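J.:
Numbering (the working numbering), first residue to last: 116 to 239.
(1) Between 144, 136 and 123, which has its C-alpha nearest residue 225's C-alpha?
(2) Which residue from 146, 209 and 168 puts its Cα closest to that of residue 130?
(3) Please classify residue 235: is it buried, with 16 or more other beta-carbons within 10 angstroms of its beta-carbon, or exposed?
(4) To the nearest angstrom, how far is the alpha carbon of residue 176 from that of residue 151?
(5) Please check the pair residue 217 and residue 144, which I expect to be a contact at CB under 8 Å, by giving their CB distance rounded to whole angstroms.
(6) Would you kindly report the start and end of the unbroken alpha helix (DSSP H) that includes residue 163?
(7) Helix or strand or just coil, what does DSSP make of residue 222?
(8) With burial defined as no fewer than 16 other Cβ atoms inside 10 Å of the residue's Cβ, what is the status of residue 194: buried or exposed?
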């Protein structure tokens with residue numbers, strides 16, 4: 116089963132890390148990711164740039180509107196994601212718990228199953 120694990124955190128705190136703090140956190144996260152990667156269960160992962168760099172396309176009454184930013188009214192924002200192909204939700208939860216332990220501060224992880232769509236085939 117494919118799961119997206121979405122990482123939410125206080126982006127002001129995260130983007131205020133020193134280079135050394137950033138490298139330390141990333142090293143811990145890579146250590147957590149390594150077993151799934153070696154097992155072929157870790158898909159694409161990514162860290163999003165700050166919300167100040169975002170562009171939103173919102174459906175309007177006629178033409179879609181293109182806006183700067185996501186207009187998030189919350190302190191915790193989506194900072195990144197992992198995709199995993201694991202046996203069950205328990206395995207995805209275990210991975211998210213390990214990520215949480217490696218990540219400082221108040222970070223939360225949302226786990227959602229997803230379908231992989233291939234242009235020429237059925238979703239998996």
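Using N, Cα and C, we set each Cβ at its ideal position, and we do this for glycine too. Because the structure is a prediction, the values reported are computed rather than measured.
T.: Let's see:
(1) 123
(2) 168
(3) exposed
(4) 45 Å
(5) 5 Å
(6) It is not in any alpha helix (DSSP H) - residue 163 carries neither H nor E in the DSSP assignment.
(7) coil
(8) buried
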